[in-house]
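Beneath this line is the structure, given in structure tokens, with notes to follow.
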Amino acid sequence: MVILSLILLPFLPLLLLYFIVRPRPVNIPIKNRHVFITGGSSGIGLALAHRAASQGARVSLLARSLKKLEEARESIRLSSGSDVSIFAADVRDYDVVQKAVSDAGPIDVLVVNQGVFVPQELEKQGLDEVKFMLDVNLMGSFNVIKAAFRLMKQRTDRLPASIALISSQAGQVGIYGYTAYSASKFGLRGLAEALQQEVVADNIHVSLVFPPDTDTPGFERETGIRPELTTIIAGSSTSMKADEVAKKALDGIQSGSFIVACNTVGHMLAVATAGFSPQRSFWMAFVEVILAGVSRLVALFFQWNWYGCIERCHAKKKGNTTFLSSTLYVHHYHTYCIKIAK
């Protein structure tokens with residue numbers, strides 16, 4: 562009996578987690594279902610639309626530029642043979658968004674993907690730019706979700722539905738030069754955690770996707786204007802192609818995952834910042850519990866490195882020291898942290 566107890570002892574935490582993780586696991590089908598994507602005319606949104614259409618979903622896209630939407634519709638038609646509904650609207654205008662959603666019809670999978678980013682230190686950034694990011698990234702998400710609620714609850718098939726919010730790794734950890742952007746993306750997490758509790762009884766499941774820097778037209782513009790320190794610190798995580806992020810995001814949405822990480826650093830951040838977030842997988846919950854202390858230690862090493870870069874950069878500006886190849890330093894440190902994670 563004692564020997565049996567010793568054998569079973571390591572499995573008791575897993576057994577406990579199996580019974581307490583909530584919400585329960587779910588699979589969300591998208592074939593022959595309506596997938597509505599905001600910010601769907603380019604970047605991650607367009608890549609998601611291509612993948613959803615190729616899997617047999619009925620796709621609707623919403624964005625500001627009608628011309629880009631028409632180009633997106635044509636590219637999806639050529640690649641998958643699927644017709645796509647398009648809606649030109651600014652997510653900051655609730656009435657216009659509500660009309661677009663009503664015209665589109667009941668939604669099964671809502672992907673809230675729109676986003677804008679102007680990287681700059683807060684001291685130098687105008688409040689109009691701060692408000693612009695908060696209005697599009699955060700308030701725009703409220704507008705889209707609020708407009709879609711009624712029709713999502715009225716869907717006839719009663720299969721599991723999804724609301725997915727595309728955040729950013731800058732929504733998990735604050736980055737130099739991302740003050741307003743991080744605030745808008747951090748806000749999505751609070752929205753998602755509370756929203757999941759409100760909609761779970763309607764069989765609607767929330768996913769929060771955390772992409773790293775992604776090769777999109779917007780990212781190309783951003784890298785040309787962001788501060789040097791932002792480039793150095795953001796280099797701690799490698800960039801990804803939009804289609805790679807779309808695959809990770811869609812897989813996470815279909816599995817009902819609350820937190821959807823896209824690369825190795827993203828998984829490290831997901832464990833380090835798990836907190837009170839929902840967790841459907843008892844295996845992943847076990848990893849979070851076991852690695853909580855280790856992930857905190859790794860996070861402190863990252864912070865030590867970042868603040869060291871900031872100190873050296875400011876010292877260089879003051880002419881007090883030599884700023885020795887910070888980008889190369891970050892690259893070596895990042896490689897070291899990846900080895901730890903593996």
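Residue numbers are given in the numbering used here: position 305 of the sequence shown equals residue 866, and the series is strictly consecutive. Yeah, the Cβ is synthetic: ideal placement off N, Cα and C, and Gly gets one too. Please read these numbers as outputs of a predicted model, since none were measured by experiment.
Ranked by Cα distance from residue 690, the first of 644, 738 and 814 is 738. By the 16-neighbour rule on beta-carbons within 10 angstroms, residue 844 is exposed. Going by DSSP, residue 834 is part of no beta strand (DSSP E) at all; its letter is neither H nor E. Membership of residue 672 in the beta strand (DSSP E) is indicated by the continuous run 670-673. Residues 833 of the same chain have their beta carbon placed closer than 7 Å to that of residue 860, with the five preceding and five following residues left out of the count. Sequence-distant Cβ neighbours of residue 761 in its own chain, meaning closer than 8 Å and more than five residues away, are 584. Between residue 841 and residue 590, the C-beta gap is not smaller than 8 Å, which leaves the two residues out of contact.
Using a 10 angstroms sphere on the CB of residue 772, the tally of other CB atoms reaches 16 or more, which defines it as buried. Bridge pairing for residue 812: absent [DSSP].
For residue 716 against residue 669, the beta-carbon gap comes to about 6 Å, under 8 Å, which counts as contact. Contact holds between the stretch 649-665 and the stretch 593-606, because three or more Cβ pairs, one in each stretch, are under 8 Å apart. The continuous alpha helix (DSSP H) containing residue 627 extends over residues 627-641. Annotated as proximal: residue 723 and residue 768, with beta-carbon spacing under 8 Å. The three-state secondary structure of residue 575, taken from DSSP, is helix. According to the DSSP secondary-structure assignment, residue 595 is paired through a beta bridge with 619. DSSP places residue 607 in the helix class (H, G or I) of the three-state scheme. About 24 Å separates the Cβ atoms of residue 624 and residue 592, ruling out a contact at the 8 Å cut-off. By the CB criterion at 8 Å, residue 846 and residue 578 fall inside the cutoff. As computed with DSSP, residue 710 is found in no beta bridge at all.
Scanning 603, 608 and 616 for the CA closest to the CA of residue 626 turns up 603.
Residue pairing from DSSP places residue 776 in a beta bridge opposite 802.
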